[in-house]
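Trainee: Residue numbers (the numbering used here), protein chains in the order written: chain A, 1 to 282; chain B, 1001 to 1357; chain C, 2001 to 2265; chain D, 3001 to 3378; chain E, 4001 to 4298.
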Amino acid sequence: MTLATPQPAAAPPVTAAPNPADLTVNNVEVVYHDIIQVLRGVSLTVRAGSVTALLGTNGAGKTTTLRAISGLLKPENGKIREGTVTFGGRVLSALPGSEVVKAGVVQVPEGRRVFKHLSVEENLRAGAILGRGDWRNDLERIYTYFPKLRMLRSRQAGYTSGGEQQMLAIGRALMAHPKVLLLDEPSLGLAPLLVQEIFANVRRINREEGLGVLVVEQNANVALRNSDYGYVMEGGRIVLEGESAALASNPDVKEFYLGVTEHGQRKSFRDVKSYKRRKRWM
Amino acid sequence: MPASRFTQTGNYRTRYAQDQTIFATSAEQLSLIVLVLVLLALPLLLPKTLLRDVNLIMIYAVAVIGLNVTTGYTGLINIGQAAFMGVGAYATALAATRLNLPFFVAIPLGGVAAALIGTFVGLPSLRLKYLYLAVATLAFQIIFEWTVGHLPLLQQGGAISLPAVQVFGIRDTFLNHNRFWYYLILPVLVLMALLWRNVLRTKYGRALIAVRDNDRAAAAMGIHPGVAKLTAFLLGSFYAGVAGGLFAYFQKAVVIEDYGLHISVQLLAMAIVGGLGSLPGAFLGPLFIVALDRGMEVLSQWLGGQNLFPEGVDVATALRPLAFGLTIVLFLMFEPRGLANWWRLSRMYFKKWPYKF
Amino acid sequence: MPQLHVENVTLTFGGLNALTDVSLTVPEGEIVSIIGPNGAGKTSLLNCISGFYHPTRGRITFGEHDLSRAAPNVVTGYGIARAFQNLELFRGLSVVENLLLARHTHLRYSLLDSLVFYGRASRREAENRAYVERIVDFMELEPHRTHPVGTLSYGIQKRVEVARALTLAPRLLLLDEPMAGMNVEEKEDMVRFILDIQREQGITVVLIEHDLGVVMDISDRVYVLDFGQRIAGGTPAEVGCDPRVIEAYTGVAAAEAAQPQAVGA
Amino acid sequence: AQKTVTLAWSGAITGPTSDAGASYAAGVEDYCKYANAQNMLPGVRLNCVVRDDQYNNANTQRNFEDFVGNLNTPIFLSYSTGSNLQLKGVIEETKVPTLPASYHIGLIDAPNNSYMFLPVSSYSENIVALLEYVAKKDRGAKVALVVNPSPFGRDPVVDARKAADRLGLKIVDVQEVGGNNLDNAAMLRRFESQGVKYVINQNTAGPVANILKDAKRLGLLGKMQFMGAHYTGGEDLTKLAGDAAENFIWATSYYMYDEGDRPGIQLVKKIGAQYGRKADTIRSVHYTSGMLAAAIAVEAMKRAKTDISAAGLYKGLTSMNGSRAFNPGFTVGPVTFSTKDHVGAESLRLLQADKTGNFKAITGGQRSQMFQLVHPLR
Amino acid sequence: MDLLPQLLLAGIVIGSIYALAALGFVLIYKSSRVINFAHGQIIATGAFIAFALTQRGLNFWLAGLIAMLATFLLGMLIERVFLRRMVGEPIIAVIMVTIGLSSVIDGLIHLTPYGAGSFSFQTPAVLSGQGIEVFGTPLSRTQIAGVLAALGLLGAFTYFFNKSTLGITMRAVADDQMAAMSVGTSVERVFALAWAAAGLTAAAAGVILGLMSGLTLGGLAGIGLKVFPVVILGGLDSVIGAIVGGMLIGILENLSAGYLDAIVPGGGTREVFPFIVLIAVLLIRPYGLFGTKEIERV
Ligand SMILES: Nc1ncnc2c1ncn2[C@@H]1O[C@H](COP(=O)(O)OP(=O)(O)OP(=O)(O)O)[C@@H](O)[C@H]1O
Ligand SMILES: Nc1ncnc2c1ncn2[C@@H]1O[C@H](COP(=O)(O)OP(=O)(O)OP(=O)(O)O)[C@@H](O)[C@H]1O
Ligand SMILES: CC(C)C[C@H](N)C(=O)O
Ligand SMILES: [Mg+2]
Ligand SMILES: [Mg+2]
């Protein structure tokens, strides 16, 4: 696969007749405070029931992309200036956050943001505000995915560990019965074992509930292994996309995101002798 | 050689010291000189009652700078600033009447007295945060009023008259009262503002802001949050005390009602409408609130005289609080960062002038 | 010579032991990493060192200073700086202002100097500014110099954290997951910064990091915490093969984890 | 050509005590307009100014400066205790005669008291008169004073103590009760245990009403007699306290609205109707008070004839004595002033509230003898 | 007759009114971290609406109900028109908006015949009969009704916040608005609800207060300030705290009036003594007696 520009033709599943159950982001531009442009025409698709990964450098606009989808730009003083987000035949980009959730798209925010002063169980119940289904059953459902949470149910969420908070944040989002889940750096600050566990769980929920997932990750290794399709973002644009397996073998992705040399050897951090000129696709 | 002496555009600064300047370009320096001249001539231009309002604005501005130090820059909500003014006023009055000290000693003494008490009142800030601290200042306000009411030394809140002041052979009389005090208050205000501006450019000022934004991180920077908060109280109440001393002389007598809770609330309104944590805001806030009040008074007088409304509907009376409240509310709804933000934006505009972006 | 000694430190929160009898030593000039699962007590240990928590039992010393009961600002005064895990920046202030604040203890002039400003305070402030700008250059933060920190992306904020700690000109630098939320390329940059800090400025570094690749590559010594207890300690090679570590932390041997994994669905 | 003279009042139309102030302002304004309509001052048109100072002294000072400095007001109608105390020095300096709504005795005490004139008897005199009444009925009785926590409230305490001593009464307690006290049971119970029989109030109507209601609930109304000075009683009190106000004894110099046979009250009703005031406003004693102040001012102008200046009005005011006393009929006695005498209508009556809340006189108009002993003026 | 039990009882009676008035404060704070300085004015509005209706011949209870409905809507309106725009602005600016609002409502009340002067309810027959005697202290029926209404409302809200999904969500919003939005909470609706509920309790407090101590704008609005120490003592975000804080302040006021005033010349210690105790308590418990401690982990 060659680089430089996104190649729609190279990814047949995406160009196939758009499925209304897909979440599609269409040429979206976002500005903060009316002047700081962050997204410069981002298009991507989360196919129904699939896991899609979104990679990119710090400040590329990944979080912003998720906010644009979930309608959470407004509290940050951001605006979609151009483009649309559609899901299930509805245009989401005009809706406020709570309506987006009703439409079935739920974001797990960066840095987890659990309700610190509420107990674990109360956190989950707050996730059930839309009243889809019986919250008692839903609690049970979440506890089967994350048995640890059951043990912590009456602990104040602010005093649980990072990994527990991440599970809680995902569990809380699941209480709203989403059709598409947006995860912002779920591995952030988690120990390797837990990263595996969280991703395994995401995969499991994806399989069992047919849940579509868009996951923003810096841990490209795990993300590409646990996803079907991937995008790479730089400077507010999608610069690369493809099946996850194919992406993982792209030499640039290998070098900058997976940290392996051309020879497939992991290079030692100690040997990074000089500062690297960051690769730009623009 | 600067590209232009009058605009900032195109001028590169080559030394960090240049970033420290307050008035960077000749245009700014020129406007400063013009401003000083206008200020000096103001009493000759303004009618007497307006001049009185200007004096009031300036005295409040001193108190509001102080309130900005504690509440605006350090984030310690203070609803007792009027009481600190009161401490200054009473201390000044006692110094002037009991110790026969001249006003230029009595007023700073008022500041020092308020600073001492202010630091003491600030002690709970070592443990309390946010609104829980606010109630400590509220408590002080109430205890202050109560105590004055029980102290025969302070006439139990009745009037303590201050002696008339004389400077360079000119006496303060009914006829020249406002001009007389204008020329005394103005330099005090300018001096107090400059001092604070200086503190702001240095580590002491930054430490206060740091404590406001994140006191844990401030501690990690080696700043003692407690010391910083007490410094804020010390400075903030010193300013209040000086304002109180000025107010005592300006009002000719100290009476407890002048330092009540509603004045504290009004000072807070001035600080917020002006823009918390901004020096220009400390001038603009009092200016705005006092002007608004005058405007409303005129309007309600006029309306009251029109007999436009049926008996029993007291429009004239209703108008003042109504318009006052509504203005503040609308103002904050559309410009929560206060008047200072307008000031900032217009300055930015001139900085980039003649270029738009 | 200032060495950091943690001796038998126990920390309890209402019945819950966050740390139990932890001892470790950080020799001068080394990079020492602390690893362990989430909730193992790594951050709590840093909190004890930097004065945010005080150990229920045990002692922490840095050179001749006893840190066990010292307040954070005092610890900072001893030459210990810290970058926080969960971003404790002054969000409303710009990058430069954040760094200026870190110079607080290095600026020596009185409140009176400050009121007058011209003269001593003014000179010191100008020097100070020059110092801060050098750090901005070093940490490659130029594009963000005047931006309010709160609007920067997560990864950049982490870098500002490290820069600010560095601005304190410490003898010991405590870094709590400085590379969280970064991709490999950015981690490489951060590693360079850390190595330069250690090698060129001789600053001792304590690093908490979940990326074992990084830890194994650059540490002189690694300690492993689990459930508040120190379960291993030694050179990276020793620790990487310790079965307890593998069980508690990685699930696979660290040596293996350090290898690229076969990528595929 | 007509000459325009400003007749100006500054007081609380809004803010604290505005319940009294608003009616007072109406009285001043209406009388002033009426004087114009009646052409009471030939060749002179009164410019009637009532200005709200919101009970804020800085505002009062500003109004004063505007009135005296810009509008050349020859006489100042003022309001609150605090602002008048503060203004004493300036008033002395500018020599502008002043008629306050506050009947605080300290206003006409030295120093700086040459130009202050109380329209009616002082609070202190009210209280002392009440004590005299108590002493007559019940020598040696125990009395408690309840006062407002302000200079206004504390003012009569000293004189009351002196008078009680001479009258053989025991003041066993002095308490401050302000506007936001909602519950006075504790204080009343203590009074009860101390054997207090008479509770004398120097306050505004609100706090007194609360005390009365608590006393009624505790069944103390029969056991203690509640009494009060000018600003405690009247319509305001009965409106607030309802039937708990029954039997309350009130000292004031003014005639009541019900006393329709009095010429002053007839005038009040007439003017009130003419300017379309609400029934409540007209009934209020403060409306009458405002009229009295304005009437005194207009009368002083009348007497000043061509010299309508501060000095002329001072002369006009101080000429109101003996056969030249001024009696507009609003008060039980005539208004008398001289250079020595700065209290207008000294005479006062005690009135008691009946079941329906109307105050009926229980004494005739008289001065308090004792007061002149405990507080000799000048 | 022993003074102490009487003082305590009187403290509890007045304290439960404070608690009821404080409830509205807590409701708003709990969901939006806003201190509502216009609360006293809303209380006054409720009381005057009820009063105006009874003046027009309406049954007292009905008038009270309508007043509660009216302030319910008023609360919602205030949120909608004034506070919604302020979401995400500095909290102190929001607080200042409420101070401005207090002025606005004052002005509006002055446009009615109730702005100046004092009024009192015709006490309804059920409440005007013989009260009961507790510890030798007679309590009027009005007082008993006040205590019961206060406790009833307070109990209902305690249950609501701890057990119902909506109540939990309201607390969640206070904790982290953005996160609450991410799970589909309409933050605006939560705020509107909080303000509406606060309005409702305000009218209840206003009517009871009006019954007990008459209606003046100053007196009713002034209670807004009185409530501040109550909520701080109890803990700003705690309904239970409002009850306990109200009772404690009520009792402290009465104890100081009962004992301290006898010693301190001039008395009036009830104005300051509760504050002194309050500060002392805060120094030991910086978040009040029941307030949630801010979780600060670095
Ligand atoms: N509220 C905001 N106001 C102004 N600028 C913002 C705001 N939020 C983000 N930005 C800017 O938008 C750009 C993209 O930020 P975003 O958070 O989307 O990046 P990201 O890809 O998620 O990065 P990271 O991996 O570091 O989280 C950054 O340059 C950032 O400074
Ligand atoms: N202030 C506190 N109050 C109560 N418990 C606390 C507090 N701080 C930490 N804990 C508890 O102590 C334990 C250790 O937490 P710590 O933050 O030190 O873990 P960590 O090793 O840094 O984990 P992570 O890798 O997720 O950051 C956790 O169970 C945590 O809940
Ligand atoms: C209505 C008043 C003139 C009395 C007022 N309380 C005062 O200050 O004296
Ligand atoms: Mg991000
Ligand atoms: Mg940690």
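We put the beta carbon where it would ideally sit given N, CA and C, even for glycine.
Within 8 Å (strictly less), CB to CB, does Pro-3016(D) reach chain E?
Mentor: It does; some Cβ of chain E falls within 8 Å.
Trainee: Within its chain, find whatever has a CB closer than 6 Å to the CB of Glu-3299(D); leave out the 5 residues flanking it on each side and keep chain order.
Mentor: Phe-3326
Trainee: Which partner residues of Met-3224(D) appear in the DSSP bridge assignment?
Mentor: Listed as beta-bridge partners of Met-3224(D) by DSSP are no residues whatsoever.
Trainee: In the DSSP assignment, find the beta strand (DSSP E) that holds Leu-23(A) and state where it starts and stops.
Mentor: 23-32
Trainee: Could one say the Cβ of Val-4298(E) lies closer than 8 Å to chain C's Cβ atoms, at least one of them?
Mentor: At a cut-off of 8 Å between beta-carbon atoms, Val-4298(E) makes contact with chain C.
Trainee: What is the rounded straight-line gap between the Cα of Lys-3239(D) and the Cα of Ser-4120(E)?
Mentor: 6 Å
Trainee: Considering only their Cβ atoms, is the gap separating Ile-4049(E) from Ala-4300(E) smaller than 8 Å?
Mentor: A question about residue 4300(E) goes unanswered here, because the residues of chain E that appear run from 4001 up to 4298.
Trainee: Looking only at its own chain, which residues have a Cβ that is under 7 Å from the Cβ of Lys-3216(D), when we skip the five neighbours before and after it?
Mentor: Ala-3244
Trainee: Report back the beta-carbon spacing between Gly-3333(D) and Gly-3365(D) to the nearest angstrom; my notes put them in contact at under 8 Å.
Mentor: 5 Å
Trainee: Is Leu-4058(E) close to ligand 1? I mean its beta-carbon at under 7 Å from any heavy atom of the ligand.
Mentor: Flag unset: Cβ of Leu-4058(E) not near ligand 1.
Trainee: Does the distance from the CB of Gln-3086(D) to the CB of Arg-3045(D) come in under 8 Å?
Mentor: no
Trainee: Tell me whether Met-2001(C) is buried or exposed, calling it buried when 16 or more other Cβ atoms sit within 10 Å of its Cβ.
Mentor: With a pLDDT of only 49 at Met-2001(C), under the threshold of 50, the placement of this residue in the model should not be trusted; the figure read from the coordinates follows. Exposed.
Trainee: Expressed to the nearest angstrom, what Euclidean distance is found between the alpha-carbon atoms of Val-4087(E) and Ala-3022(D)?
Mentor: Answer to the nearest angstrom: the Cα atoms are 39 Å apart.
Trainee: Can you give me the Cβ contacts of Gly-2079(C) inside the same chain, cut-off strictly under 7 Å, excluding the 5 residues immediately before and after it?
Mentor: Pro-2170, Arg-2171, Leu-2172
Trainee: Which ranges would you report for the beta strand (DSSP E) in the stretch 205-241 of chain A if only whole runs of at least 3 residues count?
Mentor: 212-216, 229-234
Trainee: When you compare the CB of Asp-4176(E) with every CB in chain D, is at least one pair closer than 8 Å?
Mentor: At a cut-off of 8 Å between C-beta atoms, Asp-4176(E) does not count as an interface residue with respect to chain D.
Trainee: Leaving aside the five residues before and after Leu-1131(B) along the sequence, list all residues of the same chain whose C-beta is less than 7 Å from its C-beta, in chain order.
Mentor: Contacts found: Ile-1077.
Trainee: By how many angstroms is the C-alpha of Leu-4065(E) removed from the C-alpha of Asn-4059(E)?
Mentor: 10 Å
Trainee: For Lys-4226(E), count neighbouring C-beta atoms within 10 Å of its own C-beta (all shown protein chains included) and say buried if the count is 16 or more, exposed if not.
Mentor: buried
Trainee: Within the same chain, show all residues whose beta-carbon is closer than 8 Å to that of Ala-1210(B), passing over the 5 residues directly before and after it, in chain order.
Mentor: Once the five neighbours on either side are set aside, the close Cβ partners of Ala-1210(B) are Ala-1217, Ala-1218, Met-1221, Ile-1223, Ala-1228.
Trainee: Quick test of your reading: Ile-2049(C) and Leu-2174(C), contact by CB under 8 Å. State the CB separation rounded to the nearest angstrom.
Mentor: 6 Å
Trainee: Would you say Val-51(A) and Asn-226(A) are within 8 Å of each other, going by their C-beta atoms?
Mentor: yes
Trainee: Is the CB of His-2104(C) under 8 Å away from at least one CB in chain H?
Mentor: Structure shown: chain H not included; protein chains present are A, B, C, D and E.
Trainee: Using a C-beta cutoff of 8 Å, does Pro-147(A) count as contacting chain C?
Mentor: no
Trainee: CA-CA distance, Thr-2235(C) and Asn-206(A)?
Mentor: Straight-line Cα distance between these residues: approximately 41 Å.
Trainee: Gly-2051(C) to Asp-2066(C), Cα distance in whole Å?
Mentor: Put simply, the backbone Cα of Gly-2051(C) is about 11 Å away from that of Asp-2066(C).
Trainee: Checking contacts by CB at 8 Å: is Ser-4102(E) closer than that to chain B?
Mentor: The Cβ of Ser-4102(E) sits closer than 8 Å to at least one Cβ of chain B.
Trainee: Going by the DSSP bridge assignment, what does Tyr-3198(D) pair with across the sheet?
Mentor: Val-3143(D), Gln-3225(D)
Trainee: Going along chain B in order, which residues have a C-beta closer than 8 Å to the C-beta of Pro-4227(E)?
Mentor: Sequence check: residue 4227(E) is Val here, not Pro. Per Cβ cutoff of 8 Å: no residues; Val-4227(E) is ~11 Å from chain B at best.
Trainee: So, under 8 Å CB-CB, Met-1192(B) and Tyr-1060(B) are touching, yes? Tell me the CB distance rounded to an integer number of Å.
Mentor: Going by Cβ atoms, the distance from Met-1192(B) to Tyr-1060(B) rounds to 12 Å, so no, they are not a contact pair.
Trainee: Along the beta strand (DSSP E) that carries Lys-3170(D), what are the first and last residues, could you check?
Mentor: 3170-3176 is the span of the beta strand (DSSP E), which, as asked, contains Lys-3170(D).
Trainee: Using only the alpha-carbon positions, how far apart do Asn-1214(B) and Thr-1202(B) sit?
Mentor: 18 Å
Trainee: Relative to ligand 3, is the shortest distance from any of its heavy atoms to the C-beta of Gly-1226(B) smaller than 7 Å?
Mentor: no
Trainee: Express the C-alpha separation of Arg-4084(E) and Glu-4188(E) in angstroms, rounding to a whole number.
Mentor: 7 Å
Trainee: What does the Cβ neighbour count give for Trp-3250(D), buried or exposed, with the cut at 16 atoms within 10 Å?
Mentor: buried
Trainee: Could you check the C-alpha separation between Gly-2228(C) and Leu-4282(E) for me, to the nearest Å?
Mentor: 33 Å
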